[in-house]
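Visitor:
This is the structure:
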């Protein structure tokens with residue numbers, strides 16, 4: 001069984017990842033994965049939408065290549081076919097958009113339950129329990145009281161204090177990792193970009 005200490009850490013990391021990636025990006029990924037499942041009621045509609053989009057593009061290309069004066073009959077037939085496909089596509093897109101809105105709403109509720117809702121529930125349920133104990137005499141009494149705030153036993157660290165501390169550390173480490181990644185990326189990418197920039201400058205000068 002996962003300890004309370006580790007559970008708070010895992011929850012803080014997951015919440016931070018979700019907030020960093022962004023709700024819209026997560027919804028887009030889940031929507032794409034959902035439509036690959038056989039149980040998805042929109043799977044056939046999404047496939048039909050993609051097919052119709054390709055057909056509309058092809059019909060428009062063919063219509064542009066047809067002269068409305070020299071080949072009017074053919075042009076008129078292509079135009080009617082294109083208008084029908086566009087109408088079907090708009091109707092199908094509206095149906096999929098309605099289903100997508102419902103999916104996003106359910107996903108948003110589920111995401112809140114698994115992150116913020118679960119954190120609130122855990123903090124409420126374990127508010128009187130100690131996450132871990134501090135050895136006696138390590139800190140003054142008023143610090144012990146602060147670490148046990150609001151209702152954990154004196155001499156222990158409460159789940160509220162532990163959750164706050166873990167959240168701050170996760171945010172700090174995330175920024176540090178992002179900085180190190182950007183630093184290494186700039187160091188490795190800079191030598192590759194210099195020749196490209198020099199070539200572009202030479203092309204501009206030659207013009």
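In our numbering, the protein residues as written are 1 to 207. Glycine included, every Cβ here is placed at the ideal spot set by N, Cα and C.
(1) List the whole-angstrom C-beta distance separating residue 52 from residue 89, where the pair is believed to meet the contact cut-off of C-beta under 8 Å.
(2) Any contact of the segment 147 to 164 with the segment 18 to 36, i.e. 3+ C-beta pairs under 8 Å?
(3) Contact between the segment 35 to 54 and the segment 143 to 151 is defined here as three or more beta-carbon pairs at a separation below 8 Å; is this criterion met?
(4) Might you give, ordered along the chain, the residues of its own chain that have their beta carbon closer than 8 Å to the beta carbon of residue 118, omitting 5 neighbours on each side?
(5) Can you list, in chain order, the residues of its chain whose CB lies under 6 Å from that of residue 167, leaving out five sequence neighbours each side?
(6) Three or more beta-carbon pairs under 8 Å between the segment 158 to 165 and the segment 120 to 130, yes or no?
(7) Output needed for residue 136: all residues of its chain with C-beta closer than 8 Å, excluding positions within five of it in sequence on either side, in chain order.
(8) For residue 19, is the classification buried or exposed, using 16 other Cβ atoms within 10 angstroms of its Cβ as the cut-off for buried?
(9) Mind checking whether the beta-carbon of residue 21 lies closer than 7 Å to any heavy atom of the ligand SAH?
(10) Roughly how many whole angstroms lie between the Cα atoms of residue 8 and residue 99?
(11) Rounded to a whole number of angstroms, what is the C-alpha to C-alpha distance between residue 72 and residue 94?
(12) Suppose you measure from the CA of residue 128 to the CA of residue 101; what does that come to, to the nearest Å?
(13) Assign residue 57 to one of three DSSP states: helix, strand, or coil.
(14) DSSP beta-bridge partners for residue 156?
(15) In the DSSP assignment, find the unbroken alpha helix (DSSP H) run with residue 87 in it and report its ends.
(16) With a CB to CB cut of under 8 Å and the five nearest residues on each side skipped, what residues in its chain are close to residue 206?
(17) Determine the extent of the alpha helix (DSSP H) in which residue 32 is found, giving its start and end residues.
(18) Near residue 197, which residues of its chain fall below 8 Å by C-beta distance, leaving aside the five closest residues on each side in sequence?
(19) Would you decide whether residue 169 is buried or exposed? Buried here means 16 or more other CB atoms lie within 10 Å of its CB.
(20) Three-state secondary structure (DSSP) at residue 128?
Guide: So, from the listed chains and residues:
(1) 4 Å
(2) no
(3) Touching, no, given that fewer than three Cβ pairs across the two stretches are closer than 8 Å.
(4) The residues 11, in chain order, have a CB closer than 8 Å to that of residue 118 in the same chain once the five nearest residues on each side in sequence are set aside.
(5) 12
(6) yes
(7) Same-chain partners within the cutoff: 155.
(8) exposed
(9) In terms of ligand content, the structure shown is empty, and the ligand SAH therefore cannot be addressed.
(10) C-alpha separation (whole angstroms): 35 Å.
(11) 32 Å
(12) 40 Å
(13) Assignment of residue 57 by DSSP, reduced to helix, strand and coil, places it in the helix class.
(14) 133
(15) Per DSSP, residue 87 belongs to the alpha helix (DSSP H) from 72 to 112.
(16) Here residue 206 scores only 48 on pLDDT, less than 50, and its place in the model should not be relied on; the value that follows carries that caveat. The answer is none, since no qualifying residue turns up.
(17) 23 to 34
(18) For residue 197, the pLDDT reaches just 41, beneath the cut-off of 50, and the residue's location in the model is therefore unreliable, although a value from the coordinates is still provided. Here the set comprises nothing.
(19) By the Cβ neighbour-count rule, residue 169 is exposed, with fewer than 16 other Cβ atoms within 10 Å of its own.
(20) coil
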